[in-house]
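Let me begin by presenting the structure, written as structure tokens, before commenting on it.
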Amino acid sequence: MTPLLAAAVTAAARLQGRFTSRLHDERTAAWLGMALGAAFLSAFATGLVSHYMQHPPGWMQWPSRPVNLYRVTQGVHVIGGLATVPLLLAKLWTVYPRLWQWPPVRSAAHALRRLLMLALVGGALFQFVTGVLNIGYWYAFPFPFTTAHYWTAYIVTGALLIHAVQEWPKARRAVMTRPQDAVGRRAFLLTVAGAGGVIAATTAGEAFSPLARLAVLAPRRPGTGPQGLPVNKSAAAAGVAGTARDAGWRLTVTGRVRRDLTLSLEDLRGLPQRTARLPVACVEGWSAEATWRGVALRDLLAMAGAPGDAHVRVESLQRGGDYRTSRVSPEHWRDPLTLLALGLDGEPLHIDHGYPCRLIAPNRPGVMQTKWLHRVVVL
Ligand code: HEM
Ligand SMILES: Nc1nc2c(c(=O)[nH]1)N[C@H]1C(S)=C(S)[C@@H](COP(=O)(O)O)O[C@H]1N2
Ligand SMILES: [Mo]
Numbered sequence: 006m007t008p009l010l011a012a013a014v015t016a017a018a019r020l021q022g023r024f025t026s027r028l029h030d031e032r033t034a035a036w037l038g039m040a041l042g043a044a045f046l047s048a049f050a051t052g053l054v055s056h057y058m059q060h061p062p063g064w065m066q067w068p069s070r071p072v073n074l075y076r077v078t079q080g081v082h083v084i085g086g087l088a089t090v091p092l093l094l095a096k097l098w099t100v101y102p103r104l105w106q107w108p109p110v111r112s113a114a115h116a117l118r119r120l121l122m123l124a125l126v127g128g129a130l131f132q133f134v135t136g137v138l139n140i141g142y143w144y145a146f147p148f149p150f151t152t153a154h155y156w157t158a159y160i161v162t163g164a165l166l167i168h169a170v171q172e173w174p175k176a177r178r179a180v181m182t183r184p185q186d187a188v189g190r191r192a193f194l195l196t197v198a199g200a201g202g203v204i205a206a207t208t209a210g211e212a213f214s215p216l217a218r219l220a221v222l223a224p225r226r227p228g229t230g231p232q233g234l235p236v237n238k239s240a241a242a243a244g245v246a247g248t249a250r251d252a253g254w255r256l257t258v259t260g261r262v263r264r265d266l267t268l269s270l271e272d273l274r275g276l277p278q279r280t281a282r283l284p285v286a287c288v289e290g291w292s293a294e295a296t297w298r299g300v301a302l303r304d305l306l307a308m309a310g311a312p313g314d315a316h317v318r319v320e321s322l323q324r325g326g327d328y329r330t331s332r333v334s335p336e337h338w339r340d341p342l343t344l345l346a347l348g349l350d351g352e353p354l355h356i357d358h359g360y361p362c363r364l365i366a367p368n369r370p371g372v373m374q375t376k377w378l379h380r381v382v383v384l
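Quick note: the sequence shown uses the working numbering, first residue 6, plus one each step.
Structure, rendered in structure tokens:
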């Protein structure tokens with residue numbers, strides 16, 4: 006054995022000797038593990054909802070009601086995820102003595118178990134760190150967030166299920182047997198739950214408007230921004246500040262229609278106007294509702310003579326970027342609440358909210374509420 010290795014072994018052994026706190030016990034680990042498992046399954050389920058709302062396979066039809074469904078699932082995902090951070094840190098703290106096992110690998114089976122732990126611990130940390138950075142608008146990572154976050158979700162969830170099956174008998178025993186010294190552990194678990202509660206209370210207002218004033222930790226919240234509504238991408242940032250204000254702006258409706266339409270803003274204002282109270286529910290977790298006014302997409306498509314089962318693509322004046330177009334399914338455009346909005350809370354749309362005309366539809370991720378429209382294509 007080289008002296009360096011010998012020194013490392015002694016250090017690791019000493020470190021293990023030091024993990025004497027009663028809180029590093031099975032009972033604490035079991036309770037935390039179960040809570041964390043539930044939180045992860047909820048994150049996985051709500052994350053998949055978000056993914057499949059944005060990328061529905063052909064057979065999948067998302068309803069347009071309830072109007073707040075996506076707001077709730079994504080709010081649970083992001084706010085629940087943030088509230089779980091203390092739980093994750095506490096769990097890592099209770100089990101980290103075991104992460105320092107020496108020797109690191111004893112047999113093939115042991116190697117597999119350690120690989121599983123690597124997937125679970127590494128994957129969980131990755132999900133939380135990238136998730137928090139993403140909603141903090143700090144795109145510090147060199148890979149596309151959604152792709153990495155999506156695939157890691159399967160790895161973590163798979164590892165979690167195997168881990169839960171393996172640990173279940175031990176965890177059950179640990180939770181069922183009467184503890185000798187409940188006090189320190191109970192205080193510890195209450196502190197962890199309290200920390201999660203404080204995070205939830207100071208962020209929930211970003212999606213749940215009655216708590217907006219408490220949401221001091223939220224990156225965006227209702228009541229802020231032009232017309233009291235937050236903005237992710239401004240007209241200037243999207244490069245449309247000039248074209249959106251151009252007097253020559255027209256909306257065209259084209260594609261699989263009986264006749265193409267070309268409408269000025271005055272023409273659109275002359276059509277029957279409808280009102281809808283709907284949220285912008287951003288994938289990044291914040292939501293804010295407003296009263297929108299404009300032309301129902303179904304009325305416009307009826308004028309153009311579009312078939313009732315067609316999908317529709319709305320296109321922005323914006324030249325580049327992922328969110329310059331979005332697809333509207335028949336379930337969504339047939340809903341009378343789906344508007345080409347011209348106004349917001351009694352005023353014309355602010356340019357940063359999509360003037361002259363934007364899509365707003367019920368139960369739909371914010372990234373699909375396309376702003377600064379100029380073309381509607383029936384597919
Ligand atoms: C603090 C914790 C977390 C935060 C802040 C967070 C944040 C986010 C955000 C902002 C999105 C939307 C991405 C987009 O569509 O642009 C998202 C999607 C998603 N999240 Fe998380 N997340 C967290 C934890 C987790 C965990 C633990 C899992 C899995 C077990 C998970 C699974 C997913 C999945 C599957 C998606 C859908 C990705 C896609 O659209 O392809 N997340 N998350
Ligand atoms: N053309 C275009 N439309 C867009 C975006 C964009 O970047 N470009 N961002 C979307 C996102 S991510 C959200 S959350 C909503 C926000 O709408 P608001 O700025 O009016 O609140 O607009 C959506 N519409
Ligand atoms: Mo968004």
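Note that CB positions come from ideal geometry on N, CA and C, so glycine has one too.
Expressed to the nearest angstrom, what Euclidean distance is found between the alpha-carbon atoms of G34 and R250?
On the sequence shown, residue 34 is found 29 positions in, with the first residue counted as 1. On the sequence shown, residue 250 is found 245 positions in, with the first residue counted as 1. Correcting the residue type first, residue 34 is Ala in the shown sequence and not Gly. Going by the C-alpha atoms only, they are around 59 Å apart.
Ligand 3 and N237: does the residue's C-beta get closer than 6 Å to at least one heavy atom of that ligand?
In the sequence shown, counting from the first residue as 1, residue 237 sits at position 232. N237 Cβ: within cutoff of ligand 3.
Return yes when the C-beta of G299 is under 6 Å from any heavy atom of ligand 3, and no when it is not.
The residue you call residue 299 lines up with position 294 of the sequence shown. Distance from the C-beta of G299 to the nearest heavy atom of ligand 3 is not below 6 Å.
Any contact between the stretch 90-105 and the stretch 314-332? By contact I mean 3 or more CB pairs, one from each, below 8 Å.
no
Consider the C-beta atom of N139 and the heavy atoms of ligand 1; say whether any pair is separated by less than 6 Å.
Reading the sequence shown from its first residue, position 134 is the one you call residue 139. Answer for N139: yes, Cβ within range of ligand 1.
Just how far apart, CA to CA, sit R226 and N368?
Translated into positions along the sequence shown, residue 226 becomes position 221. Translated into positions along the sequence shown, residue 368 becomes position 363. Each residue's alpha carbon lies about 19 Å from the other.
Which same chain residues end up closer than 7 Å to A223 when comparing Cβ atoms and leaving out the 5 residues on each side of it in sequence?
Position 218 of the sequence shown, counting from 1, holds the residue named residue 223. If we look at A223 and ignore the five residues flanking it on each side, its Cβ neighbours are T208, G210, E211, W291.
Starting from the N-terminal side, write out each stretch of the alpha helix (DSSP H) that is 4 residues or longer and does not extend beyond the stretch 258-346.
With a minimum length of 4 residues, the continuous alpha helix (DSSP H) runs that stay inside the stretch 258-346 are 270-275, 302-309, 335-338.
Spatial neighbours of A95 in its chain, beta-carbon cut-off 6 Å, leaving aside the 5 residues before and after:
Reading the sequence shown from its first residue, position 90 is the one you call residue 95. The residues are L37, V197.
Distance, P147 Cα to V372 Cα:
As a working mapping, residue 372 is identified with position 367 in the sequence shown. As a working mapping, residue 147 is identified with position 142 in the sequence shown. If you take the alpha carbons of V372 and P147, they lie about 21 Å apart.
Against chain D, does A116 count as a neighbour if the rule is that its beta carbon must be under 7 Å from one of theirs?
The structure shown contains no chain D, having only a single protein chain.
Can you tell me the Cβ-Cβ gap for G128 and T157, rounded? I've got them flagged as a contact below 8 Å.
On the sequence shown, residue 128 is found 123 positions in, with the first residue counted as 1. On the sequence shown, residue 157 is found 152 positions in, with the first residue counted as 1. With a Cβ gap of about 5 Å, G128 and T157 count as contacting.
What's the C-alpha gap between L195 and G141?
Here residue 195 refers to the residue found at position 190 of the sequence shown. Here residue 141 refers to the residue found at position 136 of the sequence shown. Spanning the two alpha carbons is a distance of roughly 28 Å.
Does the stretch 356-368 come within contact of the stretch 304-313, defined as at least 3 CB pairs closer than 8 Å?
no
Given a threshold of 16 other Cβ atoms within 10 Å of its Cβ, counted over all protein chains shown, does R76 qualify as buried or as exposed?
In the sequence shown, residue 76 corresponds to position 71, counting from 1. Under a 10 Å Cβ-count criterion, R76 is classified as buried, with 16 or more other Cβ atoms of the shown protein chains found around its own Cβ.
If we count Cβ pairs, one from each stretch, closer than 8 Å, do we get three or more for the stretch 338-347 versus the stretch 273-290?
yes
Distance CB(H337)-CB(S69) smaller than 7 Å
Looking up residue 337 in the sequence shown gives position 332. Looking up residue 69 in the sequence shown gives position 64. Yes, they are a contact pair.
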